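Since the structure comes first, as structure tokens, the remarks are kept for the end.
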Amino acid sequence: MEKAKTVYETGEIITTKVYQVSPEQKEELDHLSAERLEKLRGEAIPKLRERYEQLTKLRQQQTKDSEGGKAQGD
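Mapping of the sequence shown onto the working numbering: position 33 corresponds to residue 143, and the numbering continues sequentially without gaps.
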């Protein structure tokens with residue numbers, strides 16, 4: 111059974127409208143963007159700390175388990 115082959119050909123130029131932004135609008139948009147970024151960081155940092163603590167506890171437990179297995183095996 112032969113696999114179907116799809117080929118797309120386009121002959122048109124794709125365009126989009128670009129709107130000019132005033133310096134005041136740009137400043138406001140930059141400010142909003144910075145606020146959003148700060149909010150996302152504020153939400154992400156506690157999650158990262160929690161995940162780091164989980165991984166640290168897991169590694170400590172694995173280390174204890176491997177040391178306990180060696181001591182029992184001797």
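Glycine included, every Cβ here is placed at the ideal spot set by N, Cα and C.
Predicted model only: the values in this text are computed from it and were never measured.
- Setting aside the 5 residues that flank it on each side, Thr116 has no residue in the same chain whose C-beta is closer than 7 Å to its C-beta.
- Assignment of Lys113 by DSSP, reduced to helix, strand and coil, places it in the coil class.
- For the 9 Å CB-CB criterion, Leu142 and Val131 do not form a contact.
- In the three-state reduction of the DSSP assignment, Thr126 falls in the coil class.
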